[in-house]
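Right, one structure below, let's go through it.
There are 2 protein chains.
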Amino acid sequence: MSGVNERAHKASHRTPDYAASGPGDLSVHRMPGHFIRRLQQVAVRLFGDCVGPELTPVQYAALSAIAQRPGAGQAALAALIGYDRATIGGVIDRLEQKGWVARSGSPDDRRLNLLAITPDGQAALTRAAPAVLAVQDKLLEPLDPHEREAFERMCLKLLAHHLG
Amino acid sequence: MSGVNERAHKASHRTPDYAASGPGDLSVHRMPGHFIRRLQQVAVRLFGDCVGPELTPVQYAALSAIAQRPGAGQAALAALIGYDRATIGGVIDRLEQKGWVARSGSPDDRRLNLLAITPDGQAALTRAAPAVLAVQDKLLEPLDPHEREAFERMCLKLLAHHLG
DNA sequence: CGGATATTGACAGTATGCATACAGATCGTA
DNA sequence: TACGATCTGTATGCATACTGTCAATATCCG
């Protein structure tokens, strides 16, 4: 299985998603926000299919960031990958349970939970990396190289505008 | 407030998101999947800012679809907007609590919950529509008209490939 | 120094999102 | 027409996400 939302496929023959609809349409099928939501669904599904259930996209991003920047606190980590402080705690809980990340208090600032990746975590990261890269490739598969570059550039432009 | 994840802004001065990083980088800052996740965050935040807390993006999509296709069951509705059957139930629960949607059993097929929008729901939809359209515009604001068209076309191409 | 302010991690509450499982209903077909 | 395959809505469990709040801790500034 690899389709998104195949459990709800009835009546899709009546109005397939992304079918033509008139201008001034108030439905979601022409809204960029909806496209992005659907693409997010596709990306998450693709990740699960390629990488497996051991590591979610969110957990991969966190683990990768911890490996890249050991000794950061949870808030710093969250800022690095765009998570919410309230969410990152649970993500790290689950990585800690798997033995892939270690939390340790900082002597300098007793508010901080210093984060570090464990050898097992590093191994899991290394193991997952090829599949994660494959996901990115499959995601943009239908675009030719020129389009891919344009797509990524526009994404970055949008993010720089809205986050910067 | 309008920024995404402002509660985790420490250390972002150390490594701003989307800063340059070498090729072969295993971190998420060059991965299309991550871009899409961040864009989804931006879109949801923008929606909340423009439309208000009465209606979430998901609830708007559902309400709009019910208005467009009254008398559909939950599964049909889910297929129409790309939701999961298990998720749509809760969404409709909340719309029903607000008095914007009515569930009624079908005499023809006793499995179905026929869905219909109420006058209050229609009013809420009409009230929200301009703001929802404004969100789409703001989302793609940094792109010029040509780029917008290209971006939407590529999104549709990606979705058609992965969902079709 | 000491109070005002800001930061950090945690928790509760709400809302998606998906997998799995289940009971009831319907349908296709032997 | 009986029966197995399929479909529908629901419930449960897990994993994001974000808001508001709080206690402990730092930091800043007079």
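Those protein sequence lines, which keep their order, are chains A and B.
Quick note: the first sequence, position 32, residue 32 per this note's numbering, numbers continuous.
For this note's numbering, add 1000 to where a residue sits in the second sequence, where the first one is 1.
All C-beta atoms, glycine included, are put in the ideal place defined by N, C-alpha and C.
Asked: Contact with chain B by residue 37 of chain A, beta-carbon distance below 9 Å; Found: yes
Asked: Residues bridged to residue 1103 of chain B [DSSP beta-bridge criterion]; Found: B:1115
Asked: Short CB-CB distance (under 9 Å) between residue 1064 of chain B and chain A; Found: yes
Asked: Candidates B:1064, B:1029, B:1097: closest to residue 82 of chain A by CA position; Found: B:1029
Asked: 8 Å Cβ cut-off: residues of chain A touching residue 1050 of chain B; Found: Result: empty, since nearest Cβ-Cβ is about 11 Å, beyond 8 Å.
Asked: Buried or exposed (CB count within 10 angstroms, at least 16 for buried), residue 17 of chain A; Found: Unreliable positioning characterises residue 17 of chain A in this predicted model, as indicated by a pLDDT of 41, which lies under 50. The coordinate reading is nonetheless provided below. Classification for residue 17 of chain A: buried.
Asked: Stretch pair the segment 1128 to 1148 of chain B + the segment 1035 to 1050 of chain B: three plus CB contacts closer than 8 Å; Found: yes
Asked: Contacts that residue 124 of chain A makes with chain B (C-beta to C-beta distance below 8 Å); Found: Result: empty, since nearest Cβ-Cβ is about 13 Å, beyond 8 Å.
Asked: Under 9 Å between C-beta atoms of residue 85 of chain A and residue 74 of chain A; Found: yes
Asked: Spatial distance of residue 1056 of chain B from residue 1005 of chain B (CA atoms); Found: 18 Å
Asked: Proximal chain A residues relative to residue 1173 of chain B, where beta-carbon distance stays under 9 Å; Found: As displayed, chain B neither begins before 1001 nor continues past 1164, which places residue 1173 of chain B out of reach and without an answer.
Asked: Which of helix, strand or coil DSSP assigns to residue 126 of chain A; Found: helix
Asked: Segment limits, alpha helix (DSSP H) that includes residue 1075 of chain B; Found: 1074 to 1081
Asked: Member of A:133, A:163, A:121 whose CA lies at the smallest distance from the CA of residue 70 of chain A; Found: A:121
Asked: Closer than 7 Å at the beta carbon, the chain B residues around residue 33 of chain A; Found: 1043, 1047, 1057, 1135, 1136, 1139
Asked: Option nearest residue 109 of chain A by Cα separation, candidates A:72, A:157, A:25, A:147; Found: A:72
Asked: Rounded separation between residue 99 of chain A and residue 116 of chain A - CA only; Found: 11 Å
Asked: For residue 1113 of chain B and residue 1066 of chain B, the rounded distance between their alpha carbons; Found: 12 Å
Asked: Any C-beta of chain A under 9 Å from that of residue 1027 of chain B; Found: yes
Asked: Residue span of the alpha helix (DSSP H) that contains residue 176 of chain A, given as start and end; Found: Chain A is shown only over 1 to 164; residue 176 of chain A falls outside these bounds and no answer can be derived.
Asked: Span separating the alpha-carbon of residue 1077 of chain B from that of residue 1062 of chain B; Found: 7 Å
Asked: Element boundaries [alpha helix (DSSP H), containing residue 158 of chain A]; Found: 145 to 163
Asked: Expected contact under 8 Å - CB spacing of residue 1130 of chain B and residue 157 of chain A to nearest Å; Found: That pair is no contact at about 26 Å.
Asked: Opening and closing residue of the alpha helix (DSSP H) in which residue 140 of chain A lies; Found: Residue 140 of chain A -> no alpha helix (DSSP H), and no H or E assigned at all.
Asked: Cα-Cα separation between residue 43 of chain A and residue 1033 of chain B, rounded to whole angstroms; Found: 6 Å
Asked: Contact with chain A by residue 1131 of chain B, beta-carbon distance below 9 Å; Found: no
Asked: Residues in the segment 152 to 163 of chain A having any Cβ partner in chain B nearer than 7 Å; Found: 152, 154, 155, 156, 157, 158, 159, 160, 161, 162, 163
Asked: Endpoints, alpha helix (DSSP H) assigned at residue 1093 of chain B; Found: 1085 to 1097
Asked: Contact list for residue 4 of chain A against chain B, beta-carbon separation under 8 Å; Found: 1082, 1162, 1163
Asked: Residue interval of the alpha helix (DSSP H) (run including residue 4 of chain A); Found: Element bounds for residue 4 of chain A: n/a, residue is neither H nor E.
Asked: Neighbour-count burial assignment, residue 153 of chain A, 16 or more Cβ in a 10 Å radius; Found: exposed
Asked: Euclidean distance between Cα positions of residue 36 of chain A and residue 1095 of chain B; Found: 23 Å
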